[in-house]
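Chains A and B are the protein sequences, given in the same order. So in numbering that gives the first Met the number 0, spot 143 of the first sequence is number 142, and the numbers just go up one at a time. So in numbering that gives the first Met the number 0, spot 166 of the second sequence is number 165, and the numbers just go up one at a time. By construction, the Cβ of each residue, glycine as well, lies at the ideal position given by its N, Cα and C atoms.
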Amino acid sequence: MSTAYGLAGVVVVVLATVLIGTLGVRISRTTSDFYVASRTVTPLRNASAIGGEYLSAASFLGIAGLILAHGADMLWLPVGWTGGYLVLLVLVSAPLRRSGAYTLPDFAEARLESMAVRRAASVLVVLISWLYLLPQFQSAGLVLRTVAGAPVWTGGVLIAVVVAVNVLVGGMRSITLVQAFQYWLKLTALAVPIVFLLLAWRYDGAPGLSSNLPPRFPERTTVSVGLAVTVNVTEPVRVTADGRVDGRTVDGAPLDLAPGPHHIDQGTSVTFPGGASVPHVQGDPVKTDREWSIPLGGDHSLYATYSLILATFLGTMGLPHVLVRFYTNPDGRAARRTTVMVLSLLGAFYLFPALYGALGRLYTPELLMTGRTDAVVLTLPGRLVGGLGGDLLGALVTGGAVAAFLSTSSGITVSVAGVLAQDILRGGVRSFRAGTLLALVVPLALAFAARSLSVADVVGLAFAVAASTFCPLLVLGVWWRRLTVPGALAGLVTGGTLAGAAVAWTITAPPAGLAGALLAEPAAWTVPIAFAVMIVVSWCTPRRVPPGTARMMVRLHTPESLNVDRGTWRPKRV
Amino acid sequence: MTPGGPPPDGAAGGAPDGASARLPGGAATAPGRVLVTGSRARAARRPRYPVTREIDEQTGLGEAYMRSLVRAQFRLAARLCAVLGIVVFGLPGLFALVPQAREQQVLGLPLPWVVLAGAIYPCFVVLGRLYVRLAERNEDDFAELVDRDPAARDPLATDPTGALATHVPGPPGAPRAPDASGAPRPRPSGPADPPA
């Protein structure tokens, strides 16, 4: 991809975001438009805003990359990220809106009348948000590195700075219109290039993916290794390398690579002859195209699939930046209708990543060697569509990717900054500013420290934590009168500890085999345990049912058209 | 409506409540009157306030109404989740147990791709729409039931002419809520005896 066009894509989106963020404040209302917008925002715009905020780098880049590397099993990821909204719709959407809660800790406090539960919820919101932000920064680095060859830390820092500026001047988040626009930008950025890519694929004879061989380089290919990798060579191959391979310096000389692991240093370029088998980065499975195209091929893949389904379907409702958007709906019914529209919008968007993944398998197999499969969406347009058209399409997908980081990061940052300011710092505007910086700096530091992981995998872990903590709290809180304060607290702590430990283990040094599978996809055991603990402890402490439970049930479930007493609880506002 | 409840007791002409005790004396001075003891006792236990007020005051009756709403909505949600669960948990099971299903070609593509990368999304939307319609119907039924003027809900309590009273004394369970038009909703419309 041409650097100039790619950078242009980045700059245009960043500038537009900053401009709308700073100028928009003056146009829009002063503090937050949520209270005012709730009277005027239509369900379509609201649903677009939810979609714009929800579709992160994991959706825009990560899914296609995971499908490229792992195949059909990963199709469940977008299915779960959409289906999560169906579960949210059915179980909690209208009651959440009716609760009047603005954040998850608000809901916890309103329902259980306990500051302890509120604080536990706050801590979890912060942890989930950091886990969600970490891969956004990492893949921002990937994008800048792919389009401009910049060092990986620059992307994360750029995104963090833009988000900080925007949040601190109070823009972006408060403007539903901007988030709504981001959805359509992201949809366009995937939909338009795919038309040209599919045309190019047809022109190429529409090759399929059913061979019984692992991917091969279709022609003589030079692979530039951006970050040092260890790759597994499966059959002997003579390459020409420029850089350092296996600790020896090679400068453009032919080199025989024997089967087995080889270490390739940063900045090395390796040229493979056409037809050579693509060496896979260590840790990625080597699959033939046929194995790749059918589900349930690998070890423990049935467990992993079920666990992934649980995490994504149940985790969506517990994401910190989702609930706050429901506040913009005028009432519970509108919240439901908006959610159905979100389902349509997400379904439309998620038709595309699978296509990118499959085309990437055909045309950019070298990503399997560099391990940067997340870059497939960015790489394909330049590879398949040459010339100016390819450059322009490349700029479009790059802009879409930047929009994905910015909208999601801003949404989460505002949510977590509010929680930090209100529940952990002292409250007020200064605390909100401090909270914003804290919300960004910690995941940024983690992004540099943690090993590079697939963006969609880490986001998947955030879903698992949300599913193990907030899902039981919300579902039982909305439907079960006998939920008690100790029950809720015990469930949150248990689910959070188990899922959090699994996440930490997976990110730092995952064990192999079944234990690794259990830790990498913890939801299948953490979610049932969290539910069970919450229920059993509530049964054991029947006297600690909050006194206002009956009134809260009225508030959560009666339609707004009825004139009934819904209690006086109001969320505190930063 | 007035805080004292509906215009009391129709044709009984100012007879205070607990009328059955006074009936023998009163009957002598009012020829042509009809004994309505049985139905009166039943009518006296009926709520005289709109149910919203029962809910606000968290009486047993109000609680019963609320529970019925929550239960109806929860049943609906559970049913939808069950359908969703069968689909999404069934698919991996199907692929695991029936290897042909994994490799079956549909429209030139493997079946799992056709389902997971395309067909399942419209199904989600259809399920979502269905849920919204049913959930709103539950709420409408509830609102109609609860918000209705007690006069309309209980003809015995307010019938000023006594016309209705004359032909009610038959079976005590006869025409209650005669204008209930919506879907049958047995539980909330039934509680003649508010649970304690």
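Going by C-alpha distance, which of the options is nearest residue i?
i: residue 134 of chain A; options: A/159, A/117, A/119; result: A/159
i: residue 271 of chain A; options: A/293, A/265, A/238; result: A/238
i: residue 490 of chain A; options: A/478, A/528, A/523; result: A/528
i: residue 243 of chain A; options: A/335, A/350, A/267; result: A/267
i: residue 380 of chain A; options: A/397, A/497, A/371, A/368; result: A/397
i: residue 168 of chain A; options: A/17, A/560, A/334; result: A/17
i: residue 557 of chain A; options: A/478, A/444, A/359, A/401; result: A/478
i: residue 142 of chain A; options: A/399, A/413, A/120, A/251; result: A/399
i: residue 101 of chain B; options: A/474, A/426, A/289; result: A/289
i: residue 370 of chain A; options: A/298, A/481, A/231; result: A/231
i: residue 279 of chain A; options: A/265, A/264, A/255, A/228; result: A/228
i: residue 263 of chain A; options: A/452, A/225, A/299; result: A/225
i: residue 6 of chain A; options: A/148, A/132, A/83, A/245; result: A/148
i: residue 81 of chain B; options: B/32, B/103, B/126; result: B/126
i: residue 286 of chain A; options: A/259, A/210, A/258, A/333; result: A/210
Under 8 Å by Cβ, that's how I've got residue i and residue j pegged, so tell me the actual separation to the nearest angstrom.
i: residue 346 of chain A; j: residue 73 of chain B; result: In fact, because the Cβ distance is near 26 Å, the residues do not count as touching under 8 Å.
i: residue 378 of chain A; j: residue 366 of chain A; result: 7 Å
i: residue 181 of chain A; j: residue 155 of chain A; result: Not quite, the Cβ-Cβ distance comes to about 19 Å (not below 8 Å), so this is no contact.
i: residue 420 of chain A; j: residue 430 of chain A; result: 4 Å
i: residue 195 of chain A; j: residue 384 of chain A; result: 5 Å
i: residue 324 of chain A; j: residue 48 of chain A; result: 6 Å
i: residue 190 of chain A; j: residue 351 of chain A; result: 6 Å
i: residue 51 of chain A; j: residue 406 of chain A; result: 5 Å
i: residue 152 of chain A; j: residue 442 of chain A; result: About 13 Å separates the two Cβ atoms, so there is no contact after all.
i: residue 480 of chain A; j: residue 552 of chain A; result: 6 Å
Taking all protein chains shown into account, decide if residue i is buried (16 or more other Cβ within 10 angstroms of its Cβ) or exposed.
i: residue 99 of chain B; result: exposed
i: residue 291 of chain A; result: buried
i: residue 513 of chain A; result: exposed
i: residue 85 of chain B; result: exposed
i: residue 520 of chain A; result: buried
i: residue 318 of chain A; result: buried
i: residue 156 of chain B; result: Any reading at residue 156 of chain B needs caution, since the residue's pLDDT is 44, under 50, leaving its predicted position unreliable; the model's value is listed next. Under this definition residue 156 of chain B is a buried residue.
i: residue 63 of chain A; result: buried
i: residue 102 of chain A; result: buried
i: residue 202 of chain A; result: exposed
i: residue 531 of chain A; result: exposed
i: residue 61 of chain B; result: buried
i: residue 218 of chain A; result: exposed
i: residue 79 of chain A; result: buried
i: residue 281 of chain A; result: exposed
Put residue i into one of helix, strand or coil per three-state DSSP.
i: residue 77 of chain A; result: helix
i: residue 207 of chain A; result: coil
i: residue 216 of chain A; result: coil
i: residue 565 of chain A; result: coil
i: residue 229 of chain A; result: strand
i: residue 261 of chain A; result: strand
i: residue 237 of chain A; result: strand
i: residue 299 of chain A; result: coil
i: residue 162 of chain A; result: helix
i: residue 245 of chain A; result: coil
i: residue 276 of chain A; result: strand
i: residue 477 of chain A; result: helix
i: residue 105 of chain B; result: strand
i: residue 251 of chain A; result: strand
i: residue 452 of chain A; result: coil
i: residue 113 of chain A; result: coil
i: residue 435 of chain A; result: helix
i: residue 560 of chain A; result: coil
Tell me which residues share the same chain as residue i and place their Cβ nearer than 8 Å to its Cβ, disregarding the 5 neighbours each side in the sequence.
i: residue 113 of chain A; result: 107, 484, 487, 488, 545
i: residue 522 of chain A; result: 306, 307, 309, 310, 313, 314, 462, 463, 466, 467, 498
i: residue 90 of chain A; result: 316, 473, 474, 477, 478
i: residue 433 of chain A; result: 419, 420, 424
Go through its chain and collect everything with a Cβ distance to residue i's Cβ below 6 Å, but skip five positions before and after it.
i: residue 3 of chain A; result: none
i: residue 337 of chain A; result: 42, 45, 46, 328
i: residue 566 of chain A; result: 550, 554
i: residue 68 of chain B; result: 141
i: residue 111 of chain A; result: 484, 487, 545
Which same chain residues end up closer than 7 Å to residue i when comparing Cβ atoms and leaving out the 5 residues on each side of it in sequence?
i: residue 81 of chain A; result: 342, 345, 346, 349
i: residue 51 of chain B; result: 145, 146
i: residue 87 of chain A; result: 315, 316, 338
i: residue 540 of chain A; result: 483, 485, 486
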